[in-house]
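Chemist: When we follow this note's numbering, the leftmost residue of the sequence shown carries the number 1, and every step to the right adds one. Ideal Cβ placement from N, Cα and C applies to all residues, glycine included.
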Amino acid sequence: MFLTFFGKLQVKLFHVKTSPFVRKVIACAIARDILPRLTLVPAQLYPADAALLDANPLSKVPCLVTDDGLALFDSPVICEFLDSVGEAQPMFPASGGARWRALKQQALADGIMDAAVARRQEQGRPREEARDAVMSRHAAAVDRALAQLEADLPHKAVDIGTISVACALGYLDFRYAGEPWRPAHPQLAAWHEGFAANPAMVNSRPDA
Ligand SMILES: N[C@@H](CCC(=O)N[C@@H](CS)C(=O)NCC(=O)O)C(=O)O
């Protein structure tokens, strides 16, 4: 149904330029050559604007709205929806080991982004023991996830797993430049250097 319907129409994407989850969606759309079908609607998060809240009760971006009013979130759901549009190679491998590997990488990378985004929010609060404990927990989760990626490197192909990992690493560069992850993860750094040259990553950078 959506393939036919969506083939002719635009969708709206509630969008915050610095969100790594939004970047993931944009990168998938670029990789599948369907970015022009997305109308980017800037959203305010704090406080969330009424249009975003109407579409997503969780008040988060990304949120995609089709012309018939179907609102979709979060980023894994939106990226999978985008796979149903157009003829390009899907970002989600159909089955077997490739699918589970890509989904696991997506989950790991989303976890890095969740922890890194949450830790950044905590940084803005007054210092106290509870806040420091939460921040340490998020930092440790990111450290362990990076160690796992260093031990089990992503492949070179562009899919939902590799795009998600590259967006997570890009977010660490963007928001945590003072805590460089490369020295302790040289192989992951080499992988990222190559993968970051993909047009989907270059053209979805928050500063692009
Ligand atoms: N699991 C969600 C996470 C989205 C998310 O955390 N977005 C952040 C921006 S990076 C947000 O909208 N935060 C607003 C809030 O938490 O109220 C996804 O994959 O889309």
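Is PHE92 helix, strand or coil when you go by DSSP?
Modeler: Within the sequence shown, numbered from 1, the residue matching residue 92 stands at position 92. Correct three-state label for PHE92: coil.
Chemist: Could you tell me the distance, in whole angstroms, from the CA atom of ALA50 to the CA atom of ASP152?
Modeler: Translated into the one-based positions of the sequence shown, residue 50 becomes position 50. Translated into the one-based positions of the sequence shown, residue 152 becomes position 152. C-alpha separation (whole angstroms): 42 angstroms.
Chemist: Since SER59 contacts PHE21 with CB under 8 angstroms, what's their CB separation in whole angstroms?
Modeler: Here residue 59 is taken as the residue at index 59 of the sequence shown, counted from 1. Here residue 21 is taken as the residue at index 21 of the sequence shown, counted from 1. That pair is no contact at about 13 angstroms.
Chemist: To the nearest whole angstrom, what separates the beta carbons of ALA200 and ALA27, a pair I think is in contact under 8 angstroms?
Modeler: Taking the sequence shown and counting its residues from 1, the one referred to as residue 200 is at position 200. Taking the sequence shown and counting its residues from 1, the one referred to as residue 27 is at position 27. Correct: roughly 4 angstroms between the Cβ atoms.
Chemist: Please classify PRO154 as buried or exposed, where buried requires at least 16 neighbouring CB atoms within 10 angstroms.
Modeler: The residue you call residue 154 lines up with position 154 of the sequence shown. PRO154 should be labelled buried.
Chemist: Since LEU72 sits in a beta bridge, which residues does DSSP pair it with?
Modeler: In the sequence shown, counting from the first residue as 1, residue 72 sits at position 72. Paired residues: LEU64.
Chemist: Can you round the beta-carbon distance between LEU108 and ALA145 to whole angstroms, since I take them to be within the 8 angstroms contact cut?
Modeler: The residue you call residue 108 lines up with position 108 of the sequence shown. The residue you call residue 145 lines up with position 145 of the sequence shown. 5 angstroms between Cβ atoms; contact.
Chemist: Return helix, strand or coil for LEU172, following the three-state DSSP convention.
Modeler: Working through the sequence shown from its first residue, we reach residue 172 at position 172. Here LEU172 sits in helix by DSSP.
Chemist: As an exercise, report each continuous alpha helix (DSSP H) stretch of at least 4 residues that is fully enclosed by the stretch 80–158, in chain order.
Modeler: The stretch 80–158 contains these whole alpha helix (DSSP H) runs: 96–123 and 129–151.
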